[in-house]
Structure formats: structure tokens, C-alpha cells
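Those protein sequences? They're chains H and R, same order as listed. The opening residue of the first sequence carries number 1 in the working numbering; numbering runs sequentially from there. The opening residue of the second sequence carries number 323 in the working numbering; numbering runs sequentially from there. Every residue, glycine too, gets a C-beta built ideally from N, C-alpha and C. One structure is given below, encoded as C-alpha cells.
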Amino acid sequence: MNQENPHGTGAGPAGGNRSGGPGGLAAVEPPGPEPARQDTAEAHDTQAALSGPAALSEDDRRHIADITRRQRRQAFVTRGVQLLLVVGALALWEGGARTGVINTFFLGSPTILWELLQNRFASSILPGAGITLGETLAGFVLGNIIGISVGLALWYSRFLARVLDPFILAFGATPVLALAPLIIIWFGTGYSSKVALATLSCVVVALLQAYKGATSVDEDLISLMRSFGATKHAIFRKIVMPSSYSWVVAALKLNIGFALIGAVIGEFISSQAGLGHIILVAGANYNIPLVLLGIICLSVLALIMNLAVGRIESYLLRWQDD
Amino acid sequence: MGEHAGQPQQKPKVEIDNISKDFLTSRGRVSALRDINLTVADGEFLCICGPSGSGKSTLFNIIAGLQPPTRGTIRIDGVDVTSSVLGHVSYMFQKDLLVPWRTVTENVTLGLEVRGVPSSEAEERARSYIKRYGLAGFEDTFPKDLSGGMRQRVALMRTMVLDNSVILMDEPFSALDYPTKLSIETEVRELASELDKTVLFVTHDIDEAVSMGDRVVVLSRAPGRVKAIHDVNLFQRYGSVVRARGAEEFREHFNRIWDELEVTTDVGAGAGAAAAAGRRA
């Protein structure tokens, strides 16, 4: 990979910083280790270290209680305002619809959407969500496996990395949307074309993350391993691979979003099932409220996946300094 | 060559024979090390001082087999180990180089794993070191939750837990604050003699070298040559780096080494003034 001008690296501190490189892809960097803390008291504290942290005093306890109370109050206020915003928006929407200010053909209303949801939840929305979720997850897993494998292989062979660099760049720069019709023709209008699109949507990010993770290993750490007498394979297994994985995991939230986009694009172009399909058919039938409902359900699905992946990421990267 | 008075001639542990290292740069052939000859006795704690660029780290890389010398050989226990990276020495770098996704225990066992020590034995050894040397309770902590001194301790344990009898330490404590440095210096010396290790210790800090070392080698500026070797033995006599620093001879050794290092600043004053300013009264 072109190291001097890393593809899309504008990686800032943790949290999926989406900078645009020439290809518009971001390299998400896991936060590095924080410089070690000062420990002036530590020089005299070998015994204390042996006995564990000191017991809390009354003042300490009160102080902690104060902070906790303040944090809880903050969270309460935040949630309260969020709830007010939602309720307020819904009230305005419903009120506008009832008084005729809002054209329900184009915008629907909360009650209309709620009825739709009740009617169709079990019969079409839930199954549709399941299908879209399945396509997304399958593509996500496949894309990451392929991306990681290729990324790691490129570490092993610098020659291969140099050779493939422009091709990977070109492929990553191509919008998935442009590939969609072709993929549908090749894979058909069914499940597999959506999985293929989801895979294509996240494979390049996984690849670049894996490669960056592998090549960003501290050179001195590699020297340390060599001083132990480690073979290239041992260095790969114990240091390069885990480093690579950590970079891939740092981009999982981003990647699952991409996978969802790929799946939905596929459903929009041509499909028989899924949330995108529901939206597509509803749009064709000018059933705008159903379109809106479909979009909302899609957002909820995206949010749930994002949170779930976020949990996984937090656990897998629990050793990282935040 | 500085054998301690009264001790019988021992077979040397480490023999550094005529080591020279040249680098080919765009400016041509640059000499980093020139004719380094040193003999280190078994169990000795040898400190190496030198100005920046004197090739101290290069010398260590050569001894550890990470770089080949241009000329010369390295022998350990009489065996030629030049340019062989078999892990024949343990090398402690200036950075702690702890692997962030490994716990303290797993970091300590890193070298043992590479050497093929079975994991249960490696873990047991690591845990006993961790407990004995001040980090009990932190076995499953990640490096992110450790202070600088603790991290260096983990690196130290990772170094000492290996079976090598020769240890290279390249300015391992230069990033620590002063009190932590002092306490860890004494710990290292005690650890080294308890585990019967021969230690080569590079430092910029003359205080550290004089208060820790049996002998202190002074290298010249590039190309690095052995400028002087001092018999110090203060730690042996006083048992702690703090007491060693209070000794009469400490001052003499310090001043002599300070002069030999020809510490100069680039701005203004010039060699003489800077040198005089640095001497201890």
C-alpha cells in the first residue's frame, strides 16, 4: 500500500473519524496507548502496591456520591429533553395532520403510521427486517473475512501489496451503487445478490484496516520479538495479527453501516423481500405513509445493529485507552 | 582490564572483540563504532556511558544479533554468537514496548512463549515474578491502567524471566521520574545479582552509571571508541544507589566521567564553561 499517502487516512482519535481520502474511504484508527501516568508516590509504595488500593475515607465516599448524583441528574435531563423533542415532534405532526396543515398524502401522520405498523408488523415488516438483517450480517461477516485475509496476505508479501495497491484503490473508490445492476444480473434478484452487494460494500474498509493494522506495528516491538529469537511467523501470529484485528474491530460500526447500505441498495434495484423491498413497493404504489414507516423501521434496525456491534467492539477493545 | 583486586581470573562471560560498525549512507561510509574491545565478567554489572551518537544502541543491537558488525566478533561463554539471532541475550529497550492487548502476566510471558516454554510453566513463572517484585494484584491488568514505573517493571520482569544469563539494558529508566528511577535502580541491581545475571547497562545519566555499576565504560563521540573504563564498585560497597550517591568517591568518578564525556552545549559558552558548570563542587 502506498505508505506515504495512506488511502483515506485522516484518522483522528477514537470513534470512526470519517475523513475523506481521494477514494472517500476512512481509515479508522484505534486510539493508541496513553503516555504513562506520573507515579511520584509509587517510588515508596511497593508495599502499598502489594496490599492493593487504599480504603476510602468518609470524604472520598461523599465526594463520589456527589459526582454520581450530578451525573445521574445530567443523564435524566438529557433523556428528558430527548423525550420532549420526540413527543413534541409527534404532537406537531399529528396536530398538523388533523388540522389539515400537513398533507397526509405526502407526510402521513403518527396515527396513520401506527395503524400501518399494527396491520403489517407481523405479516411483512418483521419478516422484511429479518431478511435485510440477514443479508447485512452475511455480507458483513463475509466482507470482513475476505478483507482481513487479503489485508494480512499483503503484509506477508510487500511485493503483492505494491502490485495490488492501485487496483484496490480504484475498487474502493467505485460507489457500490454503480456495481449494483451488474451484481443483480450476475447473482439474480434473490438473497445472494444482496449479500454480494453487502460484502462488496465493506470488504475494502476491512482490507485497508487489516493492512494498516498489520503495518502500523511499532518497529521496536518487532525488534524486541526478534531479540527473543522469534521467527517471522511467530511475529505474525503474536503481534501482527492481533494488531490487525484491533484495527478491523475499530471500524466495525462503520462497516456494518456500509453493509446495510449495500443490502438496501440491492433491494431497491430489484428484490422480492426485505425492508428495502417494502419501501420500494410502497413507493411504486404511492403509499407514502408506508414508505415513511419503512424508513423508520430501517433506521431502528440500523440503530440496533450499531449498538450491538458497539458492544462487541467495546468488549474486544477493552484493553484500549479511552 | 579492571579485574577486581584479589579476585581470581574468571573465564569472561561476554567478549566483545574488535567490534566495528560502518553504515553506508548517501554521504558515504560513516563509522558508528570503531574497534570496541570489552570483556565482561560473569555476574558483573557494567554501565556504558557516552554522548549521543556514540553508537551505544548500535553496539547493543550487534551484541543481540539484530545487526551484523562490519568487523569483529561477539562471544558469550566462549561461543561465537556474532550475527546469530537465537535470543542469546535478553534485551530491554528504552521503551517498555508492552503489548497493549495483553495483560501484565501475558506480557511477561511473551518471550517465554516465543522460546517455546509450555504455557502453564510460563504463566506460573510469570506470576511468581509479578508477586515477588511489587505488582501483586495487577496480574490481569492491561498496560493502559499502569503507571510509567509499573510498565517498566513489567518490561523488566519480561526481561529477567527469560533464561538468558546476559542482559542488555538500553537506557530503560530514562523516561521515569526521579524517585521512581532511584527505587527501580536498586531493585534492578538486587534482582540481577539474585538471578545471577550479567548486565550491560547503557545510560546517559552519569549518576545512574556511577551509583549502579561495578565498572563504567565511557565511549567517545562518533565514531564510538572505548575512551575510558572506571572501576567503581560503589553499589557493591554501599548496597543502595542512594547511599552510593552520597559516597566521597562518587563525586570523583562523576567529575572524571563528566570531563571525559566532554558535554558541550551548542549555544555560546563553549566547552570549557559548560564543562566547569557541570562539575560537582
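A distance below 7 Å separates the beta carbons of R/Ala566 and R/Leu556.
For the 7 Å CB-CB criterion, R/Lys378 and R/Val524 form a contact.
Between R/Val538 and the set R/Thr395, R/Ala458 and R/Gly372, the nearest pair of CA atoms involves R/Gly372. Between the stretch 114-132 of chain H and the stretch 172-181 of chain H, the count of Cβ pairs shorter than 8 Å is below three; the stretches do not touch. Nearest Cα to H/Leu316 within the set H/Phe105, H/Asp220, H/Phe171 and H/Ala251: H/Ala251. With distances taken between CA atoms, R/Gly375 lies nearest to R/Phe345 out of R/Pro390, R/Phe345, R/Val488 and R/Thr404. Around the beta carbon of R/Asp492, 16 or more other beta carbons sit within 10 angstroms, so the residue counts as buried.
Check the Cα spacing between R/Gly471 and each of R/Gly459, R/Asp499 and R/Val488: the tightest is with R/Asp499. For R/Ser342, the secondary structure class from DSSP, reduced to helix, strand or coil, is strand. Here H/Asp165 carries a helix assignment [DSSP, helix/strand/coil]. R/Ser412: member of the beta strand (DSSP E) spanning Ser412 to Met414, first to last residue.
R/Arg393 is bridged by DSSP to R/Ser342. Here DSSP, grouped into helix, strand and coil, assigns R/Glu366 to coil.
A straight-line Cα-Cα distance of about 19 Å links R/Ser450 and R/Val436. Along the length of the stretch 111-175 of chain H, whole alpha helix (DSSP H) runs at least 4 residues long occupy 126-156 and 158-173, reported in chain order. Shown in chain order are the members of the stretch 386-413 of chain R whose Cβ falls below 7 Å from a Cβ of chain H: Ala386, Leu388, Val407, Leu408, Gly409 and Tyr413. Here the C-alpha atom of R/Ile396 lies approximately 8 Å from the C-alpha atom of R/Ile341.
Pairwise C-beta distances place the stretch 456-472 of chain R out of contact with the stretch 382-399 of chain R, as fewer than three of them are shorter than 8 Å. Shortest Cα-Cα distance from R/Leu360 to any of R/Phe367, R/Ser348, R/Asp339 and R/Thr347 involves R/Asp339. At a cut-off of 3 residues, the continuous stretches assigned as beta strand (DSSP E) that sit fully inside the stretch 435-519 of chain R are 488-492. By DSSP's assignment, R/Ile398 forms a beta bridge with R/Val336 and R/Val401. For H/Leu207, the enclosing alpha helix (DSSP H) stretches over residues Tyr191 to Thr215. Sequence-distant partners of H/Ile222 (beyond 5 residues in either direction) whose C-beta falls short of 8 Å from its own C-beta, in its chain, are Ile235 and Ile239.
In the DSSP assignment, R/Cys371 forms a beta bridge with R/Val540.
DSSP lists R/Leu346 as the beta-bridge partner residues of R/Arg351. The beta-bridge partner set that DSSP reports for R/Thr361 consists of R/Glu337.
Using beta-carbon distances, H/Trp319 counts as an interface residue toward chain R, with a partner under 7 Å.
In this chain, the alpha helix (DSSP H) harbouring H/Ile261 covers Leu252 to Ile269. The beta-bridge partner set that DSSP reports for R/Leu522 consists of R/Leu368 and R/Leu490. For the pair H/Asp66 and H/Ile312, the Cα-to-Cα distance works out to about 31 Å. Under the 8 Å Cβ criterion, the stretch 97-115 of chain H does not count as touching the stretch 149-169 of chain H, having fewer than three qualifying pairs. Taking the C-beta atoms as reference points, H/Ala210 is found nearer than 7 Å to H/Gly151. The beta carbon of H/Ala55 does not come within 7 Å of any beta carbon belonging to chain R, so the residue lies off that interface. R/Gly546 sits in a strand when the DSSP states are folded into three classes.
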